[in-house]
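Residue numbers (my numbering): 18 to 384. In what follows, a single structure is set out as structure tokens and then discussed.
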Amino acid sequence: MKDNILIVAGGTGGHIWPAISFGKWIDLNKPDFCAHYACGSRSLEAEIYKSANIEPNVLQIEGSPFSGRSVSQKIHRFLALFTGFFKARRILKDLNPVYCVLFAGYISFPFILACKFCKIPLALHEQNAYAGKVTRVARKLGIDIYTGWDECKPLPIGSYTPVGVPVRDFETHNNVSAWGKLGFPEDMPSGVKVVAFTGSLGSIPIRKMICDIAIKKKYKNWSFILPSVSDKLEKPYDNVYFLPKIWEASLLFSLADIAIARAGGSTLTEIGTFGIPAIIIPWRRAVDDHQFYNASIYTAENEAVIWDERSDLSDFEKKLFKIYKIYQEPKRENTSKLYNKANKICENLWLALFLKFERSVPSGTRQ
């Protein structure tokens with residue numbers, strides 16, 4: 018009989034995809050264990066899990082009380098967090114997991130309380146280079162913290178273990194095949210393919226900026242592909258393509274010669290594992306400015322540059338030209354720290370948790 022591991026992740030794809038990636042790795046590589054999932058009740062969460070053929074346990078929580086739009090919404094969310102404790106406790110009782118791995122975010126809090134109450138071993142993975150509120154609380158409660166980056170401000174060095182951000186071990190496609198499977202109506206153009214990875218929520222400012230440069234004559238032979246910005250495939254300009262959400266993300270990564278991306282931890286790691294030269298645009302309104310910290314560390318170790326969207330378009334074009342030169346280098350040997358490391362990152366997290374598993378899992382099932 019397999020031992021259960023509960024993986025808790027909700028909110029956006031930045032929390033959920035690393036959790037799913039780790040769970041899928043467990044199911045594939047650790048036959049004596051079975052991964053189960055828990056999340057909140059946002060429609061986006063259900064959509065992401067459904068795309069991965071996963072039916073998670075759901076708590077009726079829609080977000081952090083700290084990000085509520087009104088006083089009444091904040092109060093409602095605080096109450097939902099604490100009532101969520103009882104549902105979390107029922108889930109733990111039903112699954113009887115040998116271990117619970119939290120992927121940060123608001124949904125983790127009820128499970129911190131429930132695991133403590135039920136005496137179930139737990140750990141938390143922080144995907145960003147600046148720890149969120151729940152991660153900081155978890156550390157004060159003595160919970161082991163594993164991080165996606167070597168730095169995790171404001172936590173002191175030594176209070177966490179860097180392992181990387183778990184990402185999907187994507188199938189790779191040649192670019193012609195990827196183009197066809199994405200459903201473009203015409204044959205693939207011959208020029209540079211720029212793909213904008215703006216997260217599961219999309220980004221209107223980045224979309225506008227790309228359209229502004231795409232119409233310039235010097236980019237007429239380039240193709241700019243923007244997923245998650247439309248309900249269907251649209252072509253507003255000859256070389257600009259708006260796509261709906263693309264759940265088979267390997268097609269986008271396989272197609273991209275150059276990436277333009279926000280600085281979520283999982284997005285950066287996936288770009289890095291494919292070795293795609295990139296312009297990183299941190300969303301400066303992210304909580305605690307964590308995307309800027311992610312971008313700073315990522316660009317120091319990978320083929321990428323940061324662009325501040327408060328700068329003008331000419332400055333962006335300078336960054337784009339710099340990345341284009343990297344892309345053009347003949348017989349370029351990829352020097353990105355994360356290149357081809359998807360499986361290794363998941364293994365690192367498992368090994369980092371191994372001592373905890375040894376203490377919590379019966380000896381007959383240890384790997």
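All C-beta atoms in this analysis are idealised placements derived from N, C-alpha and C, irrespective of residue type, glycine included.
Residue(s) in a DSSP beta bridge with residue i
i	result
Thr164	Glu143, Pro179
Asp20	Phe50
Leu119	Val25, Leu141
Ala55	Val25, Asn74
Lys170	Tyr147
Closest by C-alpha distance to residue i, when choosing among the options
i	options	result
Ala55	Ile297, Ile71, Phe201, Gly165	Ile71
Met205	Asn256, Glu346, Ala155	Asn256
Phe291	Phe270, Gly282, Thr152	Phe270
Gly27	Leu45, Glu64, Cys51, Asp44	Glu64
Thr152	Ile137, Pro171, Tyr254, Asp167	Pro171
Ser247	Val184, Ile263, Phe134	Ile263
Ser207	Ile223, Trp239, Asp229, Ala213	Trp239
Cys132	Gly122, Val115, Tyr123	Val115
Lys110	Phe95, Phe99, Lys136	Lys136
Lys198	Leu268, Gly40, Ala105	Leu268
Ala121	Lys354, Pro173, Val193, Gly57	Gly57
Ala273	Glu188, Val209, Pro183	Val209
Ala295	Gly40, Ala321, Thr284	Ala321
Phe187	Thr286, Phe201, Tyr123, Ala276	Thr286
Ser313	Val304, Asp305, Ile323	Ile323
Ser220	Glu334, Ala303, Pro73	Ala303
Ser245	Gly165, Asn74, Ile92, Gly30	Gly30
Ser60	Leu45, Asn46, Leu76	Leu76
Proximity below 8 Å, CB of residue i to CB of residue j
i	j	result
Lys249	Pro261	yes
Arg327	Trp300	no
Glu168	Ala148	no
Asn365	Val118	no
Ile33	Glu79	no
Phe241	Ile223	no
Leu355	Asn311	no
Ile288	Phe214	yes
Arg106	Phe134	yes
Ile293	Ala266	no
Ile162	Tyr177	yes
Pro127	Ser38	no
Ile232	Tyr254	yes
With 16 other Cβ atoms within 10 Å as the buried cut-off, status of residue i
i	result
Glu143	buried
Phe338	exposed
Asn113	exposed
Tyr258	buried
Ala317	exposed
Ile22	buried
Arg156	buried
Leu141	buried
Gly282	buried
Gln384	Its pLDDT being 45, under 50, Gln384 is placed unreliably in this model, and the value from its coordinates should be taken loosely. Classification of Gln384: exposed, given that the 10 Å Cβ count is below 16.
Gln308	buried
Thr189	exposed
Gly381	Caution applies to Gly381, whose pLDDT of 47 falls short of 50 and renders its modelled position unreliable; the value that the coordinates give is listed next. By the 10 Å Cβ count, Gly381 comes out exposed.
Ser243	Here residue 243 turns out to be Leu, not Ser, going by the sequence shown. With 16 or more Cβ atoms within 10 Å of its Cβ, Leu243 is classed as buried.
Leu139	buried
Tyr236	buried
Leu96	exposed
Tyr123	buried
Ile129	buried
Query raised in the report: Residue ranges of each beta strand (DSSP E) run of no fewer than 3 residues wholly in the segment 181 to 226, ordered along the chain?
Result: 210 to 214
Report task. Would you mind listing the alpha helix (DSSP H) stretches within the segment 59 to 102 that are 4+ residues and don't spill past its ends, in chain order? Result -> 60 to 68
Requested in this report: Ignoring anything shorter than 4 residues or poking outside the segment 238 to 323, list the alpha helix (DSSP H) runs there in chain order.
Outcome: 267 to 272, 282 to 291, 307 to 318
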